[in-house]
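For the sequence shown, position 95 matches number 177 in the working numbering, and the numbering has no gaps at all.
The C-beta atom is built at its ideal place from N, Cα and C for all residues, glycine as well.
Shown next, in structure tokens, is the structure this report addresses.
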Amino acid sequence: MTGSEIRARFLEYFRRRGHTVVRSSPLVPAQDPTLLFTNAGMVQFKSVFLGEERRGYVRATTAQKCVRAGGKHNDLENVGHTARHHTFFEMLGNFSFGDYFKEDAIRFCWELLTEDFGLPKDRLKATVFTDDDAAFGLWKTVAGLSEDRILRLGEKDNFWAMGDTGPCGPCSEVHFHQGDHLPCAEEQAGRACLGPACDCDRWLEIWNLVFMQYNRDASGAMTPLPKPSIDTGMGLERVAAVLQGKQSNYDTDLFRPLIARVEELCGKPYGREEAADVSMRVIADHARAATFLITDGVTPSNEWRGYVLRRIMRRAMRHGRMLGMSEPFLWDMTGRVVSVMGDAYPEIREAQARVAEAVRQEEERFAETLDLGMAKIREYLDEHRGAASRVVDGRFLFTLYDTHGFPSDLAQEVLADAGFTVTPETQRAFDAEMEAQRERARAGASFGGDSGDPSVAIYQRLSGELARPVFLGYGALTAPARILAMVADGQRRREARPGETVEVILDRTPAYAESGGQQGDTGTVVGREGQGRIEDTYYRGSQLIVHRVRMTQGQLREGEEVAVTVESRRRQGLRQHHTGTHLLHAALRKVLGTHVAQAGSLVAPDHLRFDFSHGGSVKDSELEDVEGLVNEQVQANVVVSPAEMDLQEALKSGAMALFGEKYGDRVRVIRIGDFSTELCGGTHLDATGQIGLFKVTDEGAVASGVRRIEAVTGEHALAHVGREEAALRESAGLLKIPPLELPRRLAALLEDQKRLEKQLSQLEGKLARSQAQDLASSVKQIAGVPLLTARLDGLDPDGLRSVVDTLRDRVPSGIILLGSAADGKVNLVAAVSKDLTKRFPAGRLVQEIARMVGGGGGGRPDLAQAGGKDPSKLDEALAAAAGWVERTAQG
Ligand SMILES: [Zn+2]
Ligand SMILES: [Zn+2]
83 MTGSEIRARF LEYFRRRGHT VVRSSPLVPA QDPTLLFTNA GMVQFKSVFL GEERRGYVRA
143 TTAQKCVRAG GKHNDLENVG HTARHHTFFE MLGNFSFGDY FKEDAIRFCW ELLTEDFGLP
203 KDRLKATVFT DDDAAFGLWK TVAGLSEDRI LRLGEKDNFW AMGDTGPCGP CSEVHFHQGD
263 HLPCAEEQAG RACLGPACDC DRWLEIWNLV FMQYNRDASG AMTPLPKPSI DTGMGLERVA
323 AVLQGKQSNY DTDLFRPLIA RVEELCGKPY GREEAADVSM RVIADHARAA TFLITDGVTP
383 SNEWRGYVLR RIMRRAMRHG RMLGMSEPFL WDMTGRVVSV MGDAYPEIRE AQARVAEAVR
443 QEEERFAETL DLGMAKIREY LDEHRGAASR VVDGRFLFTL YDTHGFPSDL AQEVLADAGF
503 TVTPETQRAF DAEMEAQRER ARAGASFGGD SGDPSVAIYQ RLSGELARPV FLGYGALTAP
563 ARILAMVADG QRRREARPGE TVEVILDRTP AYAESGGQQG DTGTVVGREG QGRIEDTYYR
623 GSQLIVHRVR MTQGQLREGE EVAVTVESRR RQGLRQHHTG THLLHAALRK VLGTHVAQAG
683 SLVAPDHLRF DFSHGGSVKD SELEDVEGLV NEQVQANVVV SPAEMDLQEA LKSGAMALFG
743 EKYGDRVRVI RIGDFSTELC GGTHLDATGQ IGLFKVTDEG AVASGVRRIE AVTGEHALAH
803 VGREEAALRE SAGLLKIPPL ELPRRLAALL EDQKRLEKQL SQLEGKLARS QAQDLASSVK
863 QIAGVPLLTA RLDGLDPDGL RSVVDTLRDR VPSGIILLGS AADGKVNLVA AVSKDLTKRF
923 PAGRLVQEIA RMVGGGGGGR PDLAQAGGKD PSKLDEALAA AAGWVERTAQ G
């Protein structure tokens, strides 16, 4: 039975038993912004299990794409070395949401395995949770298993929980007997194999049934759920291996075509040598992960999901190099993945070109990294050739890794080949540098500025002492407040004097601190004895709102009451561009597709910049549609309604959350009619009409798979349109036509120009021929050799050569040297007839003459050309040709 047949039969089995076949959710989990990747079938049903959401069905079945690669470092490093570790895998599952429970779950499982899949009953065993007598009994009555084939296991193996609190319950697993001839670590250690409880492959777990029957509260107490549920999972790769009688998942038809492609690409056979086999399995596995992750909108980068993807891809590339492939190959593998899995997951077929391109770009980038790193390693080896110690300096490895992104294990390999060794000392130095760098990054990221900023320590202290300032700026632009603290030059300050710039922390403020891409507010702080201008507002740490205040008059004191006012015009511009950003985001998803995800955003008072994931380019017509959709919403003057709610509630309502952003329990949701809903803390307009007009000013690529749109709103959009109109009017004025006729007229003019250029070059040719006729009469005899020199200003090298060609007919034996001054430069062309090239090579002549005009050049003995920088010496230089001929004739 092929992998595809197993997948189809599984879904069909449950469909016939009242289950709705639900499509796999994307690998980037929409419901859970804190989860790295979708890693199980139940992820997309989490809110249904929690009772927060109802769907139109109570039974579901899926083939879910999953990725497990984050978390423990070793997960990824194991892949390729074992028969069953994968980064990407498929999970087959059936789910009951308060509908059927243990009895049907066990019945379905047993029936499907033994009848539809035809597994021999005597090679199956079940496990249940220690005290789950109900499940124990059901395996006896429903499946007819004898008691010695049902094992009771403890909490570690057979109890499942969604989290520290929430739904949980016992599990039950089915194990398949692969044979006692397989190696077992227990037995090798002189103990007995533990059967299904053993880590060895003799008994292979193939299906896990979770009986969700309790709710656990914060105290750890478990109460029965009113409607218990079922969540099951069976790894497709694993069950395929069992049904196809293979010891390794990689020997199934899900992987063999991929490994076959690696064999073709590297020209080595699989199964000959273990190291090469590991590399081939790594590439097969990682090609699947890369294809599916990029399809679902992840792009290789240095952050979070993108970083995990980059690590997976680079690991595959390294293994490619180990197989001797120095050219990009992984992009080719993605095509094979599509041909194996494109029928089950049509989205990868749709994204095929985009995926291949993204992978190829990453491969090229990695090749550059490797080249650069290898050069650094060669330098290091040169420097340390004669050194007494052959121990690699850990700091050097760190610099390679940190500055150049060169993988440290690869560096170690190369250095080892050159006779250098890596010791624990190397590793300690490397780790110390890494830790120091992490520390710097933490301090820097959290408290602003770089690590050298002396204020960082103060703010770390202050954020412990002070309460989080209250932000009033959603409603008010001016408010009374108290100065809690002031900081300048890394010192706490009791007062600020005229001309000084201090960072001011208030107990409450209407000023918005830069976050979520929106720039900070400016404004004024007015106290009893003086005032200052707020030049910027931003966070120090995650709590403290800091105002950078330049004193304009008198002084401000710690503890005093002040009036704070936000500059309203600038704020209005920020509101317009922020609301415009949300409309743009929603419009992009409608026009380009829901794979569009925000990758970066800048909201300034006079423009906005929006980066988003999208493979390929954005067509002009698509950009027009996007702009049109936004302006439609602007004209409809839709009310913008902010609301505070629980995070879960917000996500349930379909709000777009930005992955990588951290949200508290209470979040702010900005809803714009039913056009856009986003989690956002920014300041927005009351209604979209206040945007006035939305204009895209620029669109392009910023990285592979990431596009950038720049746009303006309101008066800035009007000004932009005004500037474009003025340019149009000016252009139209030059042609004395109405602006709308410009495109047609310009096309005609360009056509004319092409025609004229052609005529011109024909005329130039004629002219050159007639000049040549005149010139031919000025041939001089120098030492018995005919020499013709002439200056033809304005001709470029091509022009000169065409004159030379004509002259050669008229001077069958002799030397021709032409020069011209054009655009402040000198061009020289020399030609020598065949009978004279031995004695008077053209290259030598032109070199000698070019030197006099500050240049150089050369060429064949019969034709050579050169350039120079000094036209004032041209006459003198041409005249010198006679002397050269004379000297050369004598010599
Ligand atoms: Zn064992
Ligand atoms: Zn926003």
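Any non-hydrogen atom of ligand 1 within 7 Å of residue i CB
{"i": "residue 284", "result": "yes"}
{"i": "residue 412", "result": "no"}
{"i": "residue 268", "result": "yes"}
{"i": "residue 235", "result": "no"}
{"i": "residue 62", "result": "No information on residue 62 is available, as it lies outside the stretch 83 to 973 that the chain covers here."}
{"i": "residue 276", "result": "yes"}
Cβ separation of residue i and residue j, assumed to be a contact under 8 Å, to the nearest whole Å
{"i": "residue 395", "j": "residue 382", "result": "6 Å"}
{"i": "residue 426", "j": "residue 145", "result": "7 Å"}
{"i": "residue 610", "j": "residue 551", "result": "Not a contact, Cβ separation roughly 21 Å."}
{"i": "residue 147", "j": "residue 106", "result": "5 Å"}
{"i": "residue 694", "j": "residue 679", "result": "6 Å"}
{"i": "residue 948", "j": "residue 937", "result": "6 Å"}
{"i": "residue 723", "j": "residue 668", "result": "With a Cβ gap of about 15 Å, residue 723 and residue 668 do not count as contacting."}
{"i": "residue 943", "j": "residue 914", "result": "7 Å"}
{"i": "residue 584", "j": "residue 570", "result": "4 Å"}
Residue(s) in a DSSP beta bridge with residue i
{"i": "residue 287", "result": "257"}
{"i": "residue 613", "result": "608, 635"}
{"i": "residue 629", "result": "586, 619"}
{"i": "residue 948", "result": "910, 939"}
{"i": "residue 793", "result": "690, 778"}
{"i": "residue 663", "result": "BP columns for residue 663 are empty, so no partner."}
{"i": "residue 147", "result": "172"}
{"i": "residue 315", "result": "290"}
{"i": "residue 647", "result": "560, 606"}
{"i": "residue 503", "result": "473"}
{"i": "residue 844", "result": "Bridge partners of residue 844: none, in fact."}
{"i": "residue 250", "result": "243, 296"}
Residue i: CB within 7 Å of a non-hydrogen atom of ligand 2
{"i": "residue 583", "result": "no"}
{"i": "residue 795", "result": "no"}
{"i": "residue 259", "result": "no"}
{"i": "residue 764", "result": "yes"}
{"i": "residue 760", "result": "yes"}
{"i": "residue 682", "result": "no"}
{"i": "residue 101", "result": "no"}
{"i": "residue 388", "result": "no"}
{"i": "residue 660", "result": "yes"}
{"i": "residue 598", "result": "yes"}
{"i": "residue 663", "result": "yes"}
Reduced DSSP secondary structure (H/G/I, E/B, other) of residue i
{"i": "residue 537", "result": "helix"}
{"i": "residue 762", "result": "coil"}
{"i": "residue 994", "result": "What is shown of the chain runs 83 to 973, which leaves residue 994 out entirely."}
{"i": "residue 429", "result": "helix"}
{"i": "residue 690", "result": "strand"}
{"i": "residue 967", "result": "helix"}
{"i": "residue 695", "result": "strand"}
{"i": "residue 825", "result": "helix"}
{"i": "residue 469", "result": "coil"}
{"i": "residue 658", "result": "helix"}
{"i": "residue 297", "result": "strand"}
{"i": "residue 756", "result": "coil"}
{"i": "residue 703", "result": "helix"}
{"i": "residue 682", "result": "strand"}
{"i": "residue 496", "result": "helix"}
{"i": "residue 50", "result": "This structure gives no information on residue 50, because the portion of the chain shown stretches from 83 to 973."}
**Item:** Any beta strand (DSSP E) of 3 or more consecutive residues that is wholly inside the stretch 537–583
**Value:** 560–570
**Message:** Suppose only complete runs of 3+ residues qualify. What are the beta strand (DSSP E) ranges in the stretch 101–132, listed by chain order?
**Reply:** none
**Request:** List in chain order: all unbroken alpha helix (DSSP H) runs of 4+ residues lying wholly within the stretch 367–448.
**Result:** 386–404, 412–423, 428–432
**Request:** Return the chain-ordered ranges of every beta strand (DSSP E) run that is complete within the stretch 181–237 and spans a minimum of 3 residues.
**Result:** 206–211, 232–235
**Request:** Please go through the stretch 305–359 and give each complete alpha helix (DSSP H) segment of 4 or more residues, from N-terminal end onward.
**Result:** 318–325, 338–348
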